[in-house]
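Worksheet: one structure, shown below.
Residue numbers (my numbering): 3 to 127.
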């Protein structure tokens, strides 16, 4: 009986811990910098875009870093380029903000795509 009581208490306590977390989404966005007409997105252009379009939509926080990326183009050629990566955790209702950022970057810098990876995450309340 004591074992069953101890198990029940542990089970109850472990379930209580789930209440302190909430499900959110994490998007990781990969922004290539090669422009189709030649040249690259400059550091100044990137910093301006980050401030005006990304940080303004997610002022609570985000993480950025630089990387080297590669992809296969429409002619089957491997292209390599400098890439800016942005990772942001947000609520499900922020989908429109992510879509707007992607669309604006593609239009402003004549990009074919912005690669996006989405994951569910559990964040403390």
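Each residue gets a CB set at the ideal place from its N, CA and C atoms; glycine is no exception.
Taking the beta strand (DSSP E) that residue 69 belongs to, which residues open and close that run? 65–74
Of the choices 29, 45, 24 and 30, whose alpha-carbon is the least far from that of residue 111? From the listed residues 29, 45, 24 and 30, the smallest Cα separation to residue 111 is found for 45.
With a cut-off of 8 Å on the beta carbons, I'd call residue 88 and residue 66 a contact; round off their distance for me. 5 Å
Is residue 98 buried or exposed, if buried means 16 or more other CB atoms sit within 10 Å of its CB? exposed
Throw me the rounded Cβ distance for the residue 122 and residue 25 pair, which I believe falls under 8 Å. 6 Å between Cβ atoms; contact.
Excluding the 5 residues flanking residue 55 on each side, which residues of the same chain have their C-beta closer than 7 Å to its C-beta? 103 and 106
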